[in-house]
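In the numbering used here, the protein residues as written are 61 to 183.
Before any comments, here is the structure.
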């Protein structure tokens with residue numbers, strides 16, 4: 061199970077970097093007065109799929125190694141998976157520029173959630 065734990069840890073850090081990049085991309089689109097491009101929407105979808113994979117490895121670690129020291133870690137995991145789909149559903153009726161900005165901020169917020177999840181795992 062060391063492999064699953066290692067992958068869980070590495071994907072966690074990758075999510076922080078990826079969500080940060082996606083968030084900055086969304087803000088850049090908003091500054092350019094542009095709506096979400098197909099590439100940006102694809103990047104958001106990839107981030108959500110990677111978050112689900114992160115959760116799957118976390119579930120393996122939970123089953124075979126026991127729960128984390130702080131159960132708040134699990135709550136952060138669920139929040140990371142749900143944040144972007146929730147944000148996307150809330151902004152779908154906004155102006156295109158507003159969608160880009162809101163999704164950009166949501167991705168940066170999700171990166172922060174991932175950082176908090178990592179911090180609770182390290183205690």
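All C-beta atoms, glycine included, are put in the ideal place defined by N, C-alpha and C.
Here the structure is a predicted model, which is why all the values come from computation and not from measurement.
Less than 8 Å between the CB atoms is what I'm expecting for residue 133 and residue 97, so what's the real figure, rounded?
For this step, residue 133 is matched to residue 73 along the chain shown. For this step, residue 97 is matched to residue 37 along the chain shown. That belief does not hold up - the Cβ atoms of residue 133 and residue 97 are roughly 34 Å apart, past 8 Å.
Relative to the C-alpha of residue 102, which residue among 148, 182, 153 and 177 is closest?
What you label residue 102 is simply residue 42 of the chain shown in a count that begins at 1. When only C-alpha atoms are compared, the closest one is 148.
Span of the alpha helix (DSSP H) holding residue 61?
For the purposes of this step, residue 61 is taken as the residue at position 1 of the chain shown. Taken as a continuous stretch (DSSP letters only), residue 61 belongs to no alpha helix (DSSP H), as it is neither H nor E.
Just how far apart, CA to CA, sit residue 161 and residue 107?
Within the chain shown, residue 161 is the residue found at index 101, counting from 1. Within the chain shown, residue 107 is the residue found at index 47, counting from 1. Distance between the alpha carbons of residue 161 and residue 107: 17 Å.
Looking only at its own chain, which residues have a Cβ that is under 6 Å from the Cβ of residue 29, when we skip the five neighbours before and after it?
What is shown of the chain runs 61 to 183, which leaves residue 29 out entirely.
When the distance is taken between beta carbons, is residue 140 closer than 8 Å to residue 94?
Along the chain shown, one-based indexing puts residue 94 at 34. Along the chain shown, one-based indexing puts residue 140 at 80. Contact: no.
Close beta carbons around residue 65, own chain, < 6 Å, minus the five adjacent residues each side:
Translated into positions along the chain shown, residue 65 becomes position 5. Excluding residues within five positions, the ones whose Cβ falls inside 6 Å are 121.
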